[in-house]
Amino acid sequence: MHFTDLGLSAGLLRAIGEQGYDTPTPIQAQAIPHVLAGSDLEALAQTGTGKTAAFVLPILQKLTSQTDSPLERVSRNRPRALILVPTRELAAQVQESVRTYGKHVAIRSLAVFGGVGMQPQVTVLRRGVDIVVATPGRLLDHITQRTIDLGAVQTLVLDEADRMLDMGFIRDIRKIIERLPKQRQNLMFSATFAPEVRELAHTVLRNPVLVEVARRNTTIELVTQSVIPVDKDKKRELLLHLFENHGWHQTLVFTRTKHGADALSRKLDQAGIRSAAIHGDKTQGARTRALADFKSGKLAALVATDIAARGIDIDQLPRVINFELPNVPEDYVHRIGRTGRAGSEGEALSLVSHDERIQLRDIERLIKKDLDKSIIVGFEPSANPPREPAKAKPQPRRQGSGGGNGARSGAPRSGAPGASRNGSGARGQRDGAAHHNGQRHR
Ligand code: AMP
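Numbering (this note's numbering), first residue to last: 544 to 985.
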């Protein structure tokens with residue numbers, strides 16, 4: 544199938560051509576005809592599948608074909624399409640896609656998010672916009688101050704709905720939906736069909752068409768995943784060693800906490816590895832700058848927390864490092880989805896200490912795969928890790944995800960990370976180290 548088969552206008556096809564795309568991705572091929580036909584849509588698709596164009600293209604097409612509603616076109620503060628997203632970065636990126644794909648059509652758009660002044664957004668809204676891409680909190684501020692009127696919205700998109708729910712936006716979303724006309728088209732995109740996502744779908748969508756694309760990240764072929772067992776207190780040193788030995792560039796490093804991200808980024812900088820941290824406590828300006836510097840290659844490392852990294856879209860990001868494993872196994876899949884994108888290969892490496900064995904087990908169950916373990920010489924984990932007080936098993940925020948692929952069930956249990964497992968069975972740790980050192984992680 545080609546984009547020309549989807550019935551898109553010449554202006555959109557031109558913009559798509561300029562991006563170098565000629566074949567729609569599976570989510571685009573499946574979703575675009577339904578959206579153009581006016582159906583509600585429930586789509587299971589993650590970042591990296593081309594989902595943004597799957598809703599942006601048909602929305603642009605529909606809005607530009609409405610030449611018979613000149614009144615709507617000139618009305619102020621009254622967007623005709625509303626795209627709700629969980630994070631500021633994603634809002635900026637989705638609006639960028641709107642601009643890219645809408646380059647040759649007369650559509651005005653605005654990204655509305657917090658952390659920056661209200662006034663510039665108010666000014667643009669007053670001039671009139673067709674598409675608003677917004678995070679829920681700041682949009683509610685505009686609603687309260689009557690600087691936006693959602694009474695003309697024809698299409699609502701809930702992008703990364705699972706993440707918006709994780710971030711506690713459900714009440715905001717419901718308040719926003721109350722302001723929308725009853726008659727409208729609703730499109731919901733989510734990486735998982737967790738129960739709370741289903742519940743939202745039931746209340747918002749009307750007879751939706753269900754579209755489900757393979758979870759790109761669980762196809763795994765494009766992302767080489769492996770684990771380096773290491774003692775917790777050696778992780779920083781090991782990371783520096785890996786950066787120095789392999790001359791890594793454009794490496795996205797995940798930590799669990801904002802504080803941890805800051806501390807690690809400082810450490811990398813001190814060692815001469817240019818890096819920045821990106822998390823919720825950073826100003827919007829700092830986040831945008833860090834992302835731009837990372838994208839342009841000025842920074843070798845971007846240290847991020849899960850939420851801040853959502854929606855980071857960099858073509859051909861070569862490598863993702865899990866400095867710490869996430870507590871929620873689905874976040875691992877989101878994290879490694881930052882690499883191996885749009886058909887390029889990527890590498891995902893996790894530094895796993897003994898206290899993270901439960902998280903590792905849960906991840907391996909979710910992806911139904913035991914990850915390769917490689918021990919680095921000089922960083923062998925201690926044979927007898929310090930005894931810790933028994934910890935409760937971390938409770939995932941989402942359950943039963945995995946897009947109907949029966950995630951969490953029946954996968955074999957992996958060995959503990961310190962067990963130095965490899966292709967030829969369990970070995971002593973030194974043996975494993977000698978065997979593996981230097982063979983991967985390039
Ligand atoms: P998304 O899932 O929307 O975040 O898109 C992931 C990446 O795929 C982005 O870098 C897009 O520019 C790219 N992309 C979107 N559609 C296509 C396509 N039809 N062919 C190739 N790449 C695409």
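Where a beta carbon is used, it is the ideal one built from N, C-alpha and C, also for glycine.
Beta-bridge analysis with DSSP links Thr-698 to Ala-624 and Gln-728. Nearest Cα to Asp-824 within the set Leu-834, Leu-811, Thr-800 and Leu-842: Thr-800. Contact check between the stretch 695-715 and the stretch 729-749: three or more CB pairs, one atom from each, fall below 8 Å, which counts as touching. Per DSSP, the continuous beta strand (DSSP E) segment holding Pro-772 begins and ends at 766-772.
For Gly-560, the distance from the CB to the nearest heavy atom of the ligand AMP is not below 7 Å.
Under the DSSP assignment, Gly-889 falls in the beta strand (DSSP E) whose first and last residues are 889-895. DSSP lists Leu-730 and Val-752 as the bridge partner or partners of Leu-584. In this structure, Thr-590 sits near Gly-880, with a CB-CB distance shorter than 8 Å. Distance from the Cα of Val-675 is smallest, within the candidate group Asp-905, Ile-901 and Val-637, for Val-637.
Following the DSSP letters along the chain, one finds Leu-795 in no alpha helix (DSSP H) but inside the beta strand (DSSP E) bounded by residues 794-797. With 16 or more other Cβ atoms inside 10 Å of its own Cβ, Met-731 counts as buried. Leaving aside the five residues that flank Leu-834 on each side, the residues in its chain whose CB is nearer than 8 Å to its CB run, in chain order, Glu-632, Ile-821, Leu-845 and Ile-855.
Taking 8 Å as the cut-off, the beta carbon of Arg-878 is found no closer than this to the beta carbon of Trp-791. Taking every protein chain shown into account, the CB of His-577 has 16 or more other CB atoms within 10 angstroms, so this residue is buried.
If you check the C-beta of Ala-596 against the ligand AMP, you find a heavy atom less than 7 Å away.
Three or more Cβ pairs closer than 8 Å define a contact, and the stretch 638-646 falls short of that threshold against the stretch 680-700. Setting aside the 5 residues that flank it on each side, Phe-656 is surrounded in the same chain by Arg-631, Ala-634, Thr-678 and Arg-681, each with a C-beta closer than 6 Å to its C-beta; the list follows chain order. The Cβ neighbour count for Val-920, taken over all protein chains shown within 10 Å, is under 16; the residue is labelled exposed. Less than 8 Å separates the beta-carbon of Asp-774 from that of Ser-925. In the structure shown, Ile-864 falls within a strand segment according to DSSP collapsed to helix, strand and coil. Under the three-state reduction of DSSP output, Ile-686 falls in the helix class.
Residue state for Ile-716 is assigned as helix, using DSSP reduced to three classes.
Counting along the chain, the unbroken alpha helix (DSSP H) around Leu-783 starts and ends at 778-789.
The beta carbon of Ser-582 is closer than 6 Å to those of Val-752 in its chain, skipping five residues each way along the sequence.
For Ala-654, the uninterrupted beta strand (DSSP E) run begins and ends at 652-655, by DSSP.
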